[in-house]
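Protein chains in written order, with the working numbering: chain P, 2 to 158; chain V, 20 to 187.
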């Protein structure tokens, strides 16, 4: 598998620039091992740069989907937003573009709890425990738990 | 100095509607660091297929990224004279017969040979970087490759260059 290691370097003026390299690694390499590779590359770059390496990023190969099959009335400017609870009591959310029309009551933008089961992809995600405990987090890195999806509705966003 | 995991793995899913408008949505997970890269891909697709099941747009695919940051967080300024527009440009011949270049921002001027823009490849740190790019960092068997998977085979050129940016 080909993975990318990206580093951000900052100079005295606060300007930031990125350097990237790609490496062929085993599919069985763990995240910790990939971070080790990133660390090694960062140390090598830092040794020849008088800027400061401030952060890094690992990029895996894209997963191919499809290029066909959009419904006649599909519209990515409409989104289904599933609100979730976080440990801190904040509401995180998952957004899915162009939700199916049949998920909604006629004339409504809310999804009833009966149909909500159909969109319980978050619960399914947590059930996918082949590698241990998975933890869903919001954009700030705060854990999302409890009744995962507490409400869902359609927005024109 | 070492980068550490920020704590989240981000899966970004792309969708396209009938009018060919595209939109991405990102879902973040904190995953055990023992998770393998193959498992990450399987997991990403697992979620993507289920997200696609409630959307009537086309599911284009997913991208996966893991963020890291320096720990401890650098608080001081870079040294006087540092400039990310000054690059150490290392050009390698790849296994496809072409040339590929890696550019290191704010390359140290002390590693450039006097009276030229050539990089001193005999410098210990420079030599270590070149060796790692060709043979792999310590503990890894493979050297660097192009984004299409062509392996780096030999160093062709190493010189200081300047790449301008809008920020100066």
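Built from N, CA and C at the ideal position, the CB exists for glycine as well.
Predicted model only: the values in this text are computed from it and were never measured.
Quiz item: Around the Cβ of residue 27 of chain V, are there at least 16 other Cβ atoms within 10 angstroms (buried) or fewer (exposed)?
Solution: Sixteen is the threshold: when 16 or more other Cβ atoms of the shown chains lie within 10 Å of the Cβ of residue 27 of chain V, as they do, the residue is buried.
Self-check item: chain V contact residues for residue 52 of chain P, given Cβ-Cβ distances below 7 Å
Solution: Contacts between residue 52 of chain P and chain V, judged by CB atoms closer than 7 Å, involve 97, 101, 103, 124, 125 in chain order.
Self-check item: Environment of residue 102 of chain V [buried if 16+ CB atoms lie within 10 Å]
Solution: Classification for residue 102 of chain V: buried.
Quiz item: How do the stretch 87–102 of chain V and the stretch 54–62 of chain P stand: do at least 3 beta-carbon pairs fall below 8 Å, yes or no?
Solution: They touch, by the three-pair rule.
Quiz item: Are the C-beta of residue 82 of chain P and some C-beta of chain V separated by less than 7 Å?
Solution: Cβ-Cβ to chain V under 7 Å: no for residue 82 of chain P.
Exercise. Pull up the CB-CB distance for residue 4 of chain P and residue 152 of chain V, whole angstroms please, since I reckon it's below 8 Å.
Key: So it is not a contact: roughly 15 Å between Cβ atoms.
Practice problem: Enumerate in chain order the residues of its own chain whose CB-to-CB distance from residue 47 of chain P is below 7 Å, with the five nearest sequence positions on each side excluded. | Solution: Hits under 7 Å: 54.
Exercise. Could you tell me which uninterrupted beta strand (DSSP E) segments, each at least 3 residues in length, are contained entirely in the stretch 60–116 of chain V, listed from first to last along the chain?
Key: Runs of the beta strand (DSSP E) inside the stretch 60–116 of chain V: 77–90, 105–113.
Practice problem: Compute the Euclidean distance between the alpha carbons of residue 73 of chain P and residue 66 of chain V, then round it to the nearest angstrom. | Solution: Residue 73 of chain P and residue 66 of chain V: Cα-Cα distance of roughly 24 Å.
Quiz item: Quick one: which chain P residues come within Cβ less than 8 Å of residue 145 of chain V?
Solution: What residue 145 of chain V touches in chain P, judged by beta-carbon distance under 8 Å, is 49, going in chain order.
Quiz item: Using a Cβ-Cβ cut-off of 7 Å (strictly less than) and excluding sequence neighbours within five positions of residue 102 of chain P, which residues of its own chain qualify?
Solution: Closer than 7 Å at Cβ, skipping near neighbours: 74.
Exercise. Would you tell me roughly how many angstroms separate the C-alpha atoms of residue 15 of chain V and residue 129 of chain V, rounded to the nearest one?
Key: No answer is possible for residue 15 of chain V: the residues shown for chain V start at 20 and end at 187.
Practice problem: Compute the Euclidean distance between the alpha carbons of residue 33 of chain V and residue 106 of chain V, then round it to the nearest angstrom. | Solution: Using only the alpha carbons, I get a separation of about 34 Å.
Quiz prompt | Terminal residues of the alpha helix (DSSP H) in which residue 149 of chain V lies | solution = It spans 143–154 - the alpha helix (DSSP H) in which residue 149 of chain V sits, taken as one unbroken run.
Quiz item: Counting contacts by CB-CB distance shorter than 7 Å, is residue 57 of chain P in contact with chain V?
Solution: Any Cβ of chain V closer than 7 Å to the Cβ of residue 57 of chain P would place that residue at the interface, and such an atom is present.
Quiz item: Are the beta-carbon atoms belonging to residue 79 of chain P and residue 76 of chain V less than 7 Å from one another?
Solution: At the C-beta level, residue 79 of chain P and residue 76 of chain V stay beyond 7 Å of one another.
Quiz prompt | Cβ pair residue 32 of chain P, residue 52 of chain V closer than 7 Å | solution = The criterion of a C-beta distance shorter than 7 Å is satisfied by residue 32 of chain P and residue 52 of chain V.
Practice problem: Output the boundary residues of the alpha helix (DSSP H) element that contains residue 48 of chain P. | Solution: First-last of the alpha helix (DSSP H) with residue 48 of chain P: 32–49.
Practice problem: Starting from the C-beta of residue 141 of chain V, find all residues in its chain whose C-beta is less than 6 Å away, skip the five residues before and the five after it, and write them out in chain order. | Solution: Cβ contact annotation for residue 141 of chain V (same chain, cutoff 6 Å, sequence separation greater than five): none.
Practice problem: Tell me whether residue 28 of chain P is buried or exposed, calling it buried when 16 or more other Cβ atoms sit within 10 Å of its Cβ. | Solution: Exposed is the call here.
Practice problem: Answer yes or no: does any C-beta atom of chain P fall closer than 7 Å to that of residue 192 of chain V? | Solution: Any property of residue 192 of chain V remains undetermined from this structure, which presents chain V solely from 20 to 187.
Exercise. Leaving out five residues on either side along the sequence, give the residues of the same chain with a beta carbon under 7 Å from the beta carbon of residue 46 of chain V.
Key: Taken in chain order, the residues that qualify are 30, 66.
Quiz item: Who are residue 123 of chain V's beta bridge partners in DSSP?
Solution: According to DSSP, residue 123 of chain V shares a beta bridge with V:107.
Quiz prompt | Neighbour-count burial assignment, residue 51 of chain P, 16 or more Cβ in a 10 Å radius | solution = When all chains shown are included, residue 51 of chain P counts as buried.
Quiz item: Anyone know if the C-beta pair for residue 82 of chain V and residue 63 of chain P falls short of 7 Å?
Solution: It is a contact, given that the beta carbons lie within the stated cut-off.
Quiz item: What does residue 69 of chain P touch in chain V if you count any residue whose Cβ is under 8 Å from its own?
Solution: In chain order: 77.
Quiz prompt | Nearest to residue 22 of chain P (by Cα), restricted to the options V:172, V:147, V:120, V:182 | solution = Closest option to residue 22 of chain P, judged by alpha-carbon separation, among V:172, V:147, V:120, V:182: V:120.
Self-check item: Cβ shell of residue 22 of chain V (< 8 Å), same chain only, five flanking positions each side left out
Solution: Closer than 8 Å at Cβ, skipping near neighbours: 87, 88, 89, 90.
Self-check item: Beta-carbon gap between residue 180 of chain V and residue 108 of chain V smaller than 7 Å
Solution: For residue 180 of chain V and residue 108 of chain V, yes; Cβs fall inside 7 Å.
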